[in-house]
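What follows is a short report on a single structure.
Numbering (my numbering), first residue to last: 2 to 166.
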């Protein structure tokens, strides 16, 4: 075998993880769904003028899905998957912490909801990566409900508590 044939065989072997149709379909569906669900949350944040928007949430969801998808499909045991998930959660904590800003006054803190949203997006990505697609969709819908409708409920409750003079 010539050097070029060896190189060609080696390169083809390096890309051999997506040869089986079932495996390729499973990986594609999970990563695409993670991107879509993360995108929904990111779009909601972006339309409200938040720094972590569409692209950030999509990347967090895809990355989280990849971190658990590859070991899970490679046959990792439960204890190994637990360590992977713990690592993703800890890493996302640092990313979320970067979105939190403390103002000059003690009570002036911004970015907590964005940080929580990034954390939740990672959880949704992990859920999709583990093949729990319906649970991830439900979690996304619940998150969108919290982000869009709960503020209106809070406003109404505060208006009742403090009626205009």
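Glycine included, each C-beta is placed from N, C-alpha and C at the ideal position.
Model, not experiment: these values are computed from the prediction.
Residue closest to residue 93, alpha-carbon to alpha-carbon, out of 118, 74, 70: 118
Can you tell me the Cα-Cα spacing of residue 153 and residue 147, whole angstroms? 10 Å
Hey, quick one: how far does the alpha helix (DSSP H) through residue 119 stretch, first residue to last? Residues 113-130.
Runs of 4 residues minimum, wholly inside the segment 13-60: which ones carry the alpha helix (DSSP H) assignment? 22-48
Three or more C-beta pairs below 8 Å linking the segment 53-72 and the segment 119-132: yes
When you compare only the Cα positions, how much space is there between residue 99 and residue 6? 48 Å
Here's a check: name, in chain order, each residue in its chain whose Cβ is nearer than 6 Å to the Cβ of residue 140, leaving out the five neighbours to either side. 125
For residue 102, the residue or residues it bridges with in DSSP: 111
Sufficient close CB pairs (3 or more, under 8 Å) joining the segment 153-162 to the segment 46-54: They do not touch, by the three-pair rule.
Start and end residues, alpha helix (DSSP H) containing residue 152: 151-162
Return the residue from the list 87, 58, 37 that minimises the CA-CA distance to residue 97. 58
Going by alpha carbons, who is nearest to residue 74 out of 123, 142, 144, 28? 28
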